[in-house]
Amino acid sequence: MLLFISVELEQPTTTTSDSLIVNNIQVDTAEQTVKYSCSKNDPAVINGKVALLKKGLFFCREQVQKAMIGFQEILHGNNVNITEILADGDESNNSGDENVDSDDSGDDGGADESSISADNYDNIVLMRPFNTNSMVWIWEFPYNISQSTYQGRNGSNACSIIALLIAEGIHQVNCDLDPSHAILPTPWVTLVCGCIKEGNALYDRSRASLPQRYLSAAEAAMVAGDRLDASIDQPLPVRVSDPHPPSTLRYQLLELCSNQCISCALFIVNGKTVLFVGFGKEKLLLVDSHLHEQNGAMVILGKLCNVDNFVHAVQESLGVDNDTFGHFVQVTFQE
């Protein structure tokens with residue numbers, strides 16, 4: 001026997017009070033839209049919009065970093081709540097509102113993490129390609145890991161000392177890096193953070209006797225003292241474009257990679273010091289401990305066969321034009 005049941009659905013009725021509530025919501029929404037929109041083309045308005053976009057991108061990057069940590073935890077069999085990780089620290093990482101210049105003098109100024117965990121997501125350094133088919137890759141540290149911001153610092157002139165310490169660390173440990181690492185390996189993060197901390201401390205202890213500017217490579221070696229065992233060559237004036245090839249950055253980078261061992265050089269331009277590392281005749285590396293807008297320190301890797309693309313990436317990250325001279329200083333460590 002079949003039983004048919006007929007159900008009639010009553011159409012919802014909208015009362016006057018409901019209608020008023022809906023209208024109020026619509027009015028409020030309209031007011032908010034008007035309040036936060038501006039079509040002016042004034043430079044101040046445009047700069048404000050750009051700043052908000054950068055802040056939004058910075059927030060998105062943080063969320064991606066936290067999500068990657070959560071997935072890493074799951075892959076390792078740990079019981080972790082992704083939503084808790086994503087919600088953690090949202091209010092504690094909003095220090096990017098005020099831009100701290102990379103080489104301003106500041107107040108008192110690593111990481112020993114052996115694995116990725118939810119407690120050290122700030123040490124997750126993601127890789128991105130410089131551009132399509134460029135054979136250049138960039139790892140960008142978060143805002144709070146730079147010579148000017150690490151451990152709550154506000155400014156630093158210690159870039160030359162930090163660059164020398166990182167060079168010594170790479171020479172001692174014989175660190176290698178390749179583009180297969182979507183996340184910068186922990187030893188590299190530890191090295192950069194540790195050298196930033198140590199370099200700032202060395203600078204602060206000698207600050208009273210130092211000039212209020214960046215230090216030359218020779219001056220930085222003197223400040224490091226017994227902490228560093230290296231010889232500093234004479235600085236060579238180089239720029240991106242020059243009619244005399246030995247005066248070009250490209251030429252000196254190729255010379256840096258002319259042997260099979262790891263070679264290091266400091267490059268001082270526009271009052272900032274960065275480190276170049278040549279890995280034999282295969283790869284080139286830049287380590288820059290300065291702040292870069294919403295990002296912190298930076299590592300750039302390039303293939304020697306695409307040295308021009310590497311120079312282009314370096315030029316863009318340092319903000320130098322073709323005619324800007326800098327000092328290229330090779331550093332040799334004792335075996």
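Residue numbers (the UniProt record's numbering): 1 to 335.
Don't be surprised by glycine CBs; every beta carbon is placed ideally from N, CA and C.
Keep in mind it's a predicted model, so treat the numbers as computed, not measured.
Note to self: Could you compute how far the alpha carbon of residue 135 sits from the alpha carbon of residue 148?
What the structure shows: 30 Å
Item checked: Top-ranked residue by Cα proximity to residue 319, from 330, 334, 329, 291 -> 291
Check: If you follow the alpha helix (DSSP H) that residue 171 is part of, which residue opens it and which one closes it?
Finding: Residues 159 to 173.
Check: Taking just the CA atoms, how far does residue 289 sit from residue 130?
Finding: C-alpha separation (whole angstroms): 18 Å.
Check: Using a Cβ-Cβ cut-off of 6 Å (strictly less than) and excluding sequence neighbours within five positions of residue 280, which residues of its own chain qualify?
Finding: Cβ within range, chain order: 260.
Notebook entry, point to check: Between the beta-carbon of residue 163 and the beta-carbon of residue 275, is there less than 7 Å?
Noted result: yes
Next item on the list: Name, in chain order, the residues that DSSP records as bridge partners for residue 60.
Entry: According to DSSP, residue 60 bridges with nothing at all.
Next item on the list: Could you tell me which uninterrupted beta strand (DSSP E) segments, each at least 3 residues in length, are contained entirely in the region 227 to 268, listed from first to last along the chain?
Entry: 230 to 232, 236 to 238
Next item on the list: Return yes when the Cβ of residue 191 is within less than 7 Å of the Cβ of residue 139, no when it is not.
Entry: no
Next item on the list: Within 10 angstroms of the Cβ of residue 159, are there 16 or more other Cβ atoms? Answer buried if so, exposed if not.
Entry: In summary, residue 159 is buried, with 16 or more beta-carbon neighbours lying within 10 Å of its beta-carbon over all protein chains present.
Checklist line | Distance, residue 203 Cα to residue 220 Cα | finding: 9 Å
Note to self: Extract the residue ranges of the alpha helix (DSSP H) inside the region 259 to 331, only unbroken runs of 4 or more that lie entirely within it.
What the structure shows: 307 to 318
Next item on the list: Going by DSSP, name the residue or residues bridged to residue 127.
Entry: Partner(s): 139.
Notebook entry, point to check: Should residue 198 be labelled buried (16 or more other beta-carbon atoms within 10 Å of its own) or exposed?
Noted result: buried
Notebook entry, point to check: Can you tell me the Cα-Cα spacing of residue 228 and residue 180, whole angstroms?
Noted result: 32 Å
Notebook entry, point to check: Quick one: what does DSSP say residue 334 is sitting in, helix, strand or coil?
Noted result: coil
Next item on the list: Starting from residue 202, trace the alpha helix (DSSP H) both ways and give me its first and last residue.
Entry: 186 to 205
Notebook entry, point to check: Roughly how many angstroms separate the alpha carbons of residue 188 and residue 41, rounded to a whole number?
Noted result: Roughly 44 Å separates the two Cα atoms.
Checklist line | Residue from 141, 195, 213 with nearest C-alpha to residue 182 | finding: Nearest C-alpha to residue 182: 141.
Next item on the list: Report yes if the C-beta distance between residue 296 and residue 143 is below 7 Å; otherwise report no.
Entry: yes
Notebook entry, point to check: Just checking my contact of residue 285 with residue 177 at CB under 8 Å: how many whole Å lie between their CB atoms?
Noted result: Residue 285 to residue 177, Cβ: 7 Å. Contact.
Check: Got a sec, what are the start and stop residues for the alpha helix (DSSP H) residue 224 sits in?
Finding: 217 to 224
Margin query: Report the CB separation of residue 267 from residue 326 in whole angstroms; it is logged as a contact under 8 Å.
Written below: 6 Å
Notebook entry, point to check: At least one CB of chain B closer than 7 Å to the CB of residue 238: is that the case?
Noted result: Absence of chain B from the displayed structure is noted, only one protein chain being present.
Checklist line | Cβ shell of residue 113 (< 8 Å), same chain only, five flanking positions each side left out | finding: Unreliable positioning characterises residue 113 in this predicted model, as indicated by a pLDDT of 35, which lies under 50. A coordinate reading is not provided.
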